[in-house]
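Data first, discussion second: the structure below is written as structure tokens.
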Amino acid sequence: ARAARAPQFRTALDALRSVYGFDAFRGDQAAVVDQVIAGGDAIVLMPTGGGKSVCYQIPALVREGTGLVVSPLIALMHDQVDALRANGVQAAYLNSTQDASERAAVERAYLGGELDLLYVAPERLSGQGTRSLLARGTLSVIAIDEAHCVSHWGHDFRPDYLALGDLAEAFTGVPRVALTATATEETHREITQRLHLSDARHFVASFDRPNITYRIVVKADPRRQLVDFITAQPEGVAGIVYALSRKQVEQTATFLRSKGIDALPYHAGLPASMRAEHQARFLREDGVVMVATIAFGMGIDKPDVRFVAHIDLPKSVEGYYQETGRAGRDGEPAVAWMTYGLSDVVQQRRLIDAGEGDRAHKQRQQQHLDAMLALCETVTCRRQNLLAYFGQASEPCGNCDTCLEPPPTWDGLIPAQKLLSTIVRLQRERNQAFGAGHLIDILRGAGTERIRSQRHDQLSTYGIGADLSDQEWRSVVRQLLARDLLQAVGEYGTLAVTEASAGVLRGETPVPLRRDVATGTGARTRKAS
Ligand code: ADP
Ligand code: ZN
């Protein structure tokens with residue numbers, strides 16, 4: 045007979061109180077825990093800090109057997125398991141950092157029914173070895189953490205996650221719960237489909253982080269702007285500054301130190317001992333500013349980070365949301381500050397072009413970048429835009445820069461009408477549709493080969509938009525896309541009008557556009573009307 049870990053608690057609340065010392069469940073926790081304890085599947089979308097761990101740990105403690113936790117964050121497993129053990133939970137992990145004897149000991153403990161929780165990396169489950177081991181013991185629940193990694197659409201795709209779908213068939217009767225802090229509708233749909241969770245209950249928490257103030261400024265003198273921002277924060281607070289490259293991390297840390305700020309660099313190229321020391325100082329001391337690549341922060345449990353600053357544009361809104369989410373996890377006021385410029389846009393376009401992947405993949409990356417830029421360029425509430433990106437409707441927040449200091453705008457109605465009527469005409473008269481690049485060429489009166497061969501220089505709108513630069517037009521396109529006044533369709537992102545476009549074409553929908561966008565020229569100095 046196979047051994048199974050006996051239930052450690054009679055009820056979920058008993059477990060919550062004895063193991064964690066919490067008085068009550070928060071948000072969706074109780075409902076998720078009930079669903080899973082009863083043997084049902086669940087998909088949990090909850091922002092960072094929302095309390096996802098409890099959602100699968102408690103069912104593991106209340107049900108018979110061992111809870112399997114699939115997590116890609118190998119570097120954190122050791123700490124997570126230590127923390128659980130300190131609370132009296134029998135937890136262990138299996139990953140590539142262990143030697144054969146350590147692994148064998150964990151396997152014995154699992155088969156002997158001694159474990160409440162077993163953490164494994166997803167790559168362990170793509171082969172048969174770990175699977176047949178698991179099948180010889182008893183699982184109480186299967187938790188798939190960072191479930192967005194299964195999504196091609198998302199920013200963090202991991203092929204190993206695709207093999208997790210058939211856990212449903214391999215372990216019938218074991219409830220599964222997929223959890224993530226990233227929640228676009230597309231990612232949500234892919235989690236449901238690829239992880240075979242069509243019968244799961246869905247728990248979607250609000251993604252609002254009301255205590256975070258969002259601020260995004262155009263780069264002028266970025267280092268000066270960063271120092272001004274940091275020195276304006278209360279004395280002794282901790283913060284994280286994110287940069288894209290290792291070089292940028294080191295130079296920025298050095299610069300901040302020269303200005304008397306206690307800044308430390310952190311990136312994967314530094315010696316492990318230095319990384320550990322910097323992380324320990326960040327966690328324990330007051331007033332440390334960590335300058336880091338995005339490798340830093342995943343799973344770092346420091347609730348009182350008072351600011352997160354981005355000095356390079358994140359690649360996606362999901363990334364931005366996750367990184368800024370590391371500020372203010374204690375619920376006290378915190379600031380997400382970012383500076384971005386045309387150089388960021390140019391650099392990222394180049395990276396996408398030179399990068400790997402087929403055309404569809406590059407198209408997706410481009411759409412991620414455009415959505416990020418639209419958030420930078422919005423004239424309406426940042427939080428409202430951010431939440432809308434995750435499919436959640438909200439009112440203007442009164443706690444972001446666009447709410448607090450409405451940005452100067454210019455009247456974009458005429459350019460919007462020029463663009464939309466070009467799209468409508470091409471569609472009606474020639475049954476054609478194009479992406480932003482070619483449409484902008486038409487509007488600016490460019491003499492490209494494609495314009496000549498398609499005879500687009502014969503269109504009545506040819507050259508009527510020469511007053512705006514290419515970059516300004518791209519900003520117009522992004523802002524119209526973000527407001528649903530324009531839509532990108534199909535794999536190649538050709539542009540089409542929407543229902544709401546009609547109001548713009550009739551001149552009834554105002555189109556205020558931001559003046560301080562990073563277009564390099566023009567719109568910034570144009571007179572507001
Ligand atoms: P996530 O994985 O969603 O980022 P965690 O599970 O790490 O969140 O929980 C975030 C923080 O909230 C932790 O410090 C945790 O101890 C705390 N927490 C979780 N659930 C509760 C609860 N029911 N009551 C009080 N604190 C909680
Ligand atoms: Zn706002």
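So in UniProt numbering, spot 6 of the sequence shown is number 50, and the numbers just go up one at a time.
Ideal Cβ positions, reconstructed from N, Cα and C, are used throughout, including at glycine.
- Inter-residue distance for A371 and Q277 is about 13 Å (C-alpha atoms, whole angstroms).
- If you check the CB distance, E367 and Y286 come in under 8 Å.
- Counting the other Cβ atoms within 10 Å of the Cβ of K462 gives 16 or more, which makes it buried.
- Exclusion of F53 from the 7 Å shell around ligand 1 follows from its C-beta lying no nearer than that to any non-hydrogen atom of the ligand.
- Taking 8 Å as the cut-off, the Cβ atoms of V548 and L464 count as close.
- Collapsing the DSSP output to three states places Q531 in a strand.
- For L431, same chain residues with a beta-carbon under 7 Å away, outside a window of 5 residues either side, are F251, D252 and S438 in chain order.
- Judged by DSSP secondary structure, G547 falls within the alpha helix (DSSP H) whose first and last residues are S545 to L549.
- With contacts defined as CB atoms closer than 8 Å, V164 and V221 fail to qualify as a contacting pair.
- Residues G343 of the same chain have their beta carbon placed closer than 6 Å to that of L120, with the five preceding and five following residues left out of the count.
- Sixteen is the threshold: since fewer than 16 other Cβ atoms of the shown chains lie within 10 Å of the Cβ of T216, the residue is exposed.
- Taking all protein chains in view, the Cβ of N429 is crowded by 16 or more other Cβ atoms within 10 Å, so the residue is classified as buried.
- By the criterion of a C-beta distance shorter than 6 Å, G156 is surrounded in its chain by A47, once the five residues flanking it on both sides are discounted.
- The residue from L457, D445 and L503 with its alpha-carbon nearest to that of I467 is L503.
- Around the beta carbon of K291, fewer than 16 other beta carbons sit within 10 angstroms, so the residue counts as exposed.
- For G372, the shortest C-beta to heavy atom distance toward ligand 2 is 7 Å or greater.
- Counting every other CB atom within 10 Å of its CB across the protein chains shown gives M416 a total of 16 or more, marking it as buried.
- The Cβ-Cβ distance between V63 and V133 falls below 8 Å.
- For the beta strand (DSSP E) assignment, the uninterrupted runs of no fewer than 3 residues enclosed by the segment 223-288 are, from N- to C-terminal side, 245-248, 256-262 and 282-286.
- Here the segment 372-389 does not lie against the segment 334-341, with fewer than 3 beta-carbon pairs under 8 Å apart.
- Here the alpha carbon of G479 sits roughly 39 Å from the alpha carbon of Q295.
- Counting every other CB atom within 10 Å of its CB across the protein chains shown gives T298 a total below 16, marking it as exposed.
- Secondary structure of M90 (DSSP, three-state): coil.
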